[in-house]
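Asks: One line per chain: the protein sequences are A and B, in this order. Per the numbering used here, the first sequence starts with residue 1, numbered consecutively. Per the numbering used here, the second sequence starts with residue 345, numbered consecutively. Even glycine gets a Cβ: it sits at the ideal position worked out from N, Cα and C. As the structure is a prediction and not an experimental result, all values here were calculated from the model. The following block contains the structure, expressed as structure tokens.
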Amino acid sequence: MTRFLSPLMCAVSLSLLLTGCSQDKGEKVASKTRYLNDVIIADLSAMQQRAVQLSQQADRFCSSPVEKNFLTLRDSWSESMSAWQSVEAVSQIYLEENMESWRFQFWPDKKNLIGRKIEALLKKPVGSDLTEESVIVQGLSALEYLLFDPSSGQRILLGEANRCRFLKSVSNTLVLNAAEMVGKWQGHGVLYNEYTSSDPEKQVTVSVLVLNSLDVLSSRLIREIRLPLGKKKVNHYLAESWRSGQSLSNLRHSLSAGLKMTSFVLDGHLSEQDRLIWQQLSEDLSRINREVEQLPASINGLVESHGRGRLIVLNDNLSGLRMNIQKASSALNIPLGFNTNDGD
Amino acid sequence: MLNRRTFLKTGLGLAGLSLSGCSISLQTSSVLISVARDPNDQYFIQTFTHNGEVTGCWPIPARAHDIAARPFSSEVVVFDRRPGKLLYHLDWHKPEQAIQTVNSDSLRHFYGHGVFSEDGRWLYTTENNLETLQGVVGIYDAGQGYKRAGEFQLDGSGPHEVAMMPDGETLVVALGGIKTHPDSGRTPLNPDNMKPALLYIDRDSGAELERQVLIDHALSIRHLDVMPDGTVAVGMQYQGDPGVLPLVALHQRGEPLKPVKATEAEWLSFHGYIASVCFMPDNNTLAVTSPRGNRVGLIDVMSGTLKTLIHNRDCSGAARTASGLLAISNGLGGIQLLKCQNGQAEEVSKAQFRHNQWDNHMLSLV
Chain A
1 MTRFLSPLMC
11 AVSLSLLLTG
21 CSQDKGEKVA
31 SKTRYLNDVI
41 IADLSAMQQR
51 AVQLSQQADR
61 FCSSPVEKNF
71 LTLRDSWSES
81 MSAWQSVEAV
91 SQIYLEENME
101 SWRFQFWPDK
111 KNLIGRKIEA
121 LLKKPVGSDL
131 TEESVIVQGL
141 SALEYLLFDP
151 SSGQRILLGE
161 ANRCRFLKSV
171 SNTLVLNAAE
181 MVGKWQGHGV
191 LYNEYTSSDP
201 EKQVTVSVLV
211 LNSLDVLSSR
221 LIREIRLPLG
231 KKKVNHYLAE
241 SWRSGQSLSN
251 LRHSLSAGLK
261 MTSFVLDGHL
271 SEQDRLIWQQ
281 LSEDLSRINR
291 EVEQLPASIN
301 GLVESHGRGR
311 LIVLNDNLSG
321 LRMNIQKASS
331 ALNIPLGFNT
341 NDGD
Chain B
345 MLNRRTFLKT
355 GLGLAGLSLS
365 GCSISLQTSS
375 VLISVARDPN
385 DQYFIQTFTH
395 NGEVTGCWPI
405 PARAHDIAAR
415 PFSSEVVVFD
425 RRPGKLLYHL
435 DWHKPEQAIQ
445 TVNSDSLRHF
455 YGHGVFSEDG
465 RWLYTTENNL
475 ETLQGVVGIY
485 DAGQGYKRAG
495 EFQLDGSGPH
505 EVAMMPDGET
515 LVVALGGIKT
525 HPDSGRTPLN
535 PDNMKPALLY
545 IDRDSGAELE
555 RQVLIDHALS
565 IRHLDVMPDG
575 TVAVGMQYQG
585 DPGVLPLVAL
595 HQRGEPLKPV
605 KATEAEWLSF
615 HGYIASVCFM
625 PDNNTLAVTS
635 PRGNRVGLID
645 VMSGTLKTLI
655 HNRDCSGAAR
665 TASGLLAISN
675 GLGGIQLLKC
685 QNGQAEEVSK
695 AQFRHNQWDN
705 HMLSLV
């Protein structure tokens, strides 16, 4: 068993904590508490609620496998996936240590691990709790395969009992994982303790947390566009949520989460100079969000047709956002990854 | 596949230090050296202790890469990263002395790495021939102020890290396989036609003694380290979207490369990128860093199995200290010290350099 050593927020270290901020300690703590409750836990609770509804809908469909229930179940999955985009955007910095995100969404899936693992597990008896199975089969990506993959979705709709049982197991596991994640952020959960620790190394201001989160987010969104576009060859299968055709819808929800994070910072105490920097980032996010709103939810039809040019523009604008985040890093004296962004 | 993880919690010896740029303290034991950047985008070479004391600081004009210590001397050489054309040499015992620079040949640039002969006389560096884009091992005479003494042409492009085998006569070269030219910055010019390899070169004749290749041409072999018994470890970087591919392999002369054993999820968690590779010969451990994966991997060398992953954001430099500990640096100013055994670790201490972003590599001097 591979072991992780010490779940520390090495990223957001002492150097970051003490950087240019005029807030006093009490204000910083209050701001962080508000951010935890109003952003992280609020988004996580919303996602948990969606997961419960999705699981209930899966039970309903499997009891009565008719098309109407199937379509409602698919809608429920879409809402859960949208909610997850926000959770991932606001808390990824804390989730990356143990790749917690993979329990909810596994992407990119270059080798179709999701399909391979699910089909292998369908040949074995499994219980309703898959938390001891591969993380790949535990979350929304697995459910997307079951519900939207042309072959699997059809077989579920036809009422294939084994597949429906597995669908219920995965959706139940999603609920278990969401509840566990909520637990980690509440009371004396591991992520709550890390977030609120008085250990100087673990303390970060909301600005530091948000700028690092935006850096990770923008990097991911660029990949979400570039991978299906390909350098020489289009590859639909590398698009996020390609089976459900929800790639750009996911991207919109991620951008909205980015906007929510920057708005939170802008609502706090900032110097005039810092405010201008954050406003610039907020305007970038808003502009790109408006641009994505003009595009369909699915990226599949765009990558090969005349829409490809629009995706290239979107990619350029996301790259511009990333550059502005890195400029903000210098101006705000908030270090981002040095070797991550430009290694050798 | 990755399932629930077991977390190993350790006590932390946090040294909450707030050191900046070039202020120097008294020297203590276990001195490390690395290139760093400060918040004003100024670059410098710094010697420091794992518990946070700065013992020497030399500003340099641009980002550099790896460091080589000259045997039987307190001289170190720091290499420009590609496509830089300078190498710096300094006496780390004399921080008051100015740094010296040496230019590459006008039709060559450095790739950021080099190694000394065992007697400290010759320095071998990896370089790019700007006319052919073929790799070159440059030879410099340290006894004559690093005067360029010649070169070996390599059969391939993009040599990166070079090390000396225990026989003192054979160079082992990580041939990345990537063609670049300064006119197009750092952009790979042959992404579909890369030919990475692990090369063994006779240091006197330049003859290629052995070549090992991997199946996937996009796995660029970039960094390596050598055990006293001749075992070589290589760390790779995937050009393109990383798939489920081993990024670390072990090698013994005359045998094929053996990928380290790890799960699909563990390889994926490195995000296709290994930076530094560092053996802990007395502890049956190989350490690798992945700044993109934000984790250090610790491998049990005997079994060739990845045993431990340590979360450390933007980690990159790895060095074994004289006291047998593993030091890890990161781009956020952190220096983590680990006690390793059989691919597992306990954290010994952690220090923070407020104004430093540590660059890719680090070396222990004592």
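Can you name the residues of chain A whose CB is closer than 8 Å to the CB of GLY675(B)?
Replies: Here the neighbours are PRO335, GLY337, PHE338, ASN339, THR340.
Asks: Have a look at THR72(A), LEU255(A), ALA120(A) and flag the residue whose alpha-carbon is nearest the alpha-carbon of VAL292(A).
Replies: Checked all of THR72(A), LEU255(A), ALA120(A); the closest Cα to VAL292(A) is LEU255(A).
Asks: For SER22(A), count neighbouring Cβ atoms within 10 angstroms of its own Cβ and tell me buried if that reaches 16, exposed if not.
Replies: Residue placement at SER22(A) is flagged as unreliable, the pLDDT there being 45, under the threshold of 50; a coordinate-derived value is accordingly withheld.
Asks: Let me know the secondary structure DSSP gives ASP316(A) once reduced to three states.
Replies: Residue state, collapsed to three classes: helix.
Asks: How long is the line joining the alpha carbons of LEU302(A) and LEU568(B), rounded to whole angstroms?
Replies: Cα to Cα, the separation comes out at about 43 Å.
Asks: Between which residues of its own chain and ARG636(B) is the CB-CB distance below 8 Å, once the five residues before and five after are set aside?
Replies: Excluding sequence neighbours, ARG636(B) sits near PHE614, HIS615, GLY616, TYR617.
Asks: Quick check on the DSSP output: the beta strand (DSSP E) that includes ASN472(B) runs from which residue to which?
Replies: Its beta strand (DSSP E) spans residues 466 to 473.
Asks: Below 8 Å CB to CB, which residues in the same chain sit around SER15(A) once its five sequence neighbours on both sides are set aside?
Replies: Because the pLDDT of SER15(A) is 38, which lies under 50, any placement of that residue in the model is unreliable, and the number read from its coordinates should be weighed accordingly. Excluding residues within five positions, the ones whose Cβ falls inside 8 Å are PRO335.
Asks: Between the beta-carbon of GLN701(B) and the beta-carbon of GLY668(B), is there less than 9 Å?
Replies: It is not a contact, given that the beta carbons lie outside the stated cut-off.
Asks: Suppose contacts are defined by Cβ-Cβ distances below 9 Å. Is ASN627(B) in contact with LYS651(B) by that definition?
Replies: Taking 9 Å as the Cβ cut-off, ASN627(B) and LYS651(B) do not qualify as a contacting pair.
Asks: Examine the Cβ distances between the region 157 to 168 of chain A and the region 116 to 134 of chain A and report whether three or more of them are shorter than 8 Å.
Replies: Touching, yes, given that three or more Cβ pairs across the two stretches are closer than 8 Å.
Asks: Among all the DSSP beta bridges, which residues are the ones paired with THR393(B)?
Replies: THR393(B) is bridged to VAL375(B).
Asks: Tell me the residue span of the beta strand (DSSP E) that contains PRO503(B).
Replies: From DSSP, the beta strand (DSSP E) with PRO503(B) extends over 503 to 508.
Asks: Which residues of the region 639 to 664 of chain B have a Cβ closer than 7 Å to any Cβ of chain A? Give them in chain order.
Replies: Listed by position, the residues of the region 639 to 664 of chain B near chain A (Cβ gap below 7 Å) are LEU650, LYS651, THR652, LEU653, ILE654, HIS655, ASN656, ARG657, ASP658, SER660.
Asks: Scan the region 598 to 614 of chain B for residues whose Cβ lies nearer than 9 Å to a Cβ of chain A and list them as they occur along the chain.
Replies: Flagged, chain order: ALA606, THR607, GLU608, ALA609, GLU610, LEU612, SER613.
Asks: Would you please state the rounded distance, in angstroms, between the beta carbons of ASP703(B) and ALA380(B)? I believe it to be under 8 Å.
Replies: With 8 Å as the limit, ASP703(B) and ALA380(B) qualify as a contact, their Cβ atoms being about 6 Å apart.
Asks: List, in order along the chain, the chain B residues whose C-beta lies closer than 9 Å to that of LEU227(A)?
Replies: Within 9 Å Cβ-Cβ: ASP585.
Asks: Taking any Cβ of chain C, which residues in the region 104 to 116 of chain A have a Cβ under 8 Å from it, in chain order?
Replies: Considering every chain present, this structure includes no chain C. Its protein chains are A and B.
Asks: Using a Cβ cut-off of 9 Å (strictly closer), state whether GLY717(B) contacts chain A.
Replies: Not covered by the structure: residue 717(B). The range shown for chain B is 345 to 710.
Asks: So GLY189(A) contacts chain B; which residues on that side make the cut at Cβ distance below 8 Å?
Replies: Going along chain B, no residue has its Cβ under 8 Å from GLY189(A), so there is no contact; the nearest lies around 13 Å.
Asks: By the 8 Å beta-carbon criterion, what residues does the region 371 to 391 of chain B contribute toward chain A?
Replies: So the close ones are ARG381, PRO383, ASP385.
Asks: Using only the alpha-carbon positions, how far apart do GLU690(B) and HIS188(A) sit?
Replies: So the alpha carbons of these two residues sit roughly 24 Å apart.
Asks: For VAL481(B), I'd like the list of residues in its chain whose CB is within less than 8 Å of its CB, leaving aside the five on either flank, ordered along the chain.
Replies: The answer, listed in chain order, is TYR468, THR469, THR470, GLU471, GLU495, PHE496, LEU498, PRO503, VAL506, LEU515, VAL517, ILE545, GLY550.
Asks: When you compare only the Cα positions, how much space is there between ALA486(B) and SER461(B)?
Replies: One C-alpha to the other measures close to 10 Å.
Asks: Cβ of LYS345(A) within 9 Å of Cβ of ASP43(A)?
Replies: Here chain A has residues from 1 to 344 only, and residue 345(A) is not among them.
Asks: Which value, in whole angstroms, describes the spacing of the CA atoms of VAL459(B) and GLN280(A)?
Replies: Those two C-alpha atoms are separated by around 47 Å.
Asks: Considering GLY456(B), what are the terminal residues of the alpha helix (DSSP H) in which it resides?
Replies: Counting along the chain, GLY456(B) falls outside any alpha helix (DSSP H), though it belongs to the beta strand (DSSP E) covering 452 to 460.
Asks: Starting from the Cα of CYS622(B), find the closest Cα among SER564(B), MET706(B), LEU601(B) and give me that residue.
Replies: With distances taken between Cα atoms, CYS622(B) lies closest to MET706(B).
Asks: Which of the residues in the region 211 to 241 of chain A, read from start to end, lie with their CB under 7 Å from any CB of chain B?
Replies: Per Cβ criterion, the list reads LEU227, LEU238.
Asks: Here's the rule I'm using: 16 or more other beta-carbon atoms within 10 Å means buried, otherwise exposed. How should ASP463(B) be labelled?
Replies: Burial call: exposed.
Asks: Going by the DSSP bridge assignment, what does LYS491(B) pair with across the sheet?
Replies: DSSP, once it has assigned bridges, lists ASP485(B) as partnering LYS491(B).
Asks: So what does DSSP say about MET181(A), is it helix, strand or coil?
Replies: The answer is helix: DSSP assigns MET181(A) an H, G or I state.
Asks: For GLU419(B), which of helix, strand or coil comes out of DSSP?
Replies: Three-state result, GLU419(B): strand.
Asks: Any idea which residues DSSP pairs TYR432(B) with across the strands?
Replies: DSSP lists VAL422(B), THR445(B) as partners of TYR432(B).
Asks: Does the distance from the CB of SER128(A) to the CB of ASN177(A) come in under 9 Å?
Replies: Contact flag unset, no.
Asks: Determine whether the Cβ of ASP344(A) lies closer than 9 Å to any Cβ atom of chain B.
Replies: Yes, ASP344(A) lies at the interface with chain B (some Cβ there is under 9 Å from its Cβ).
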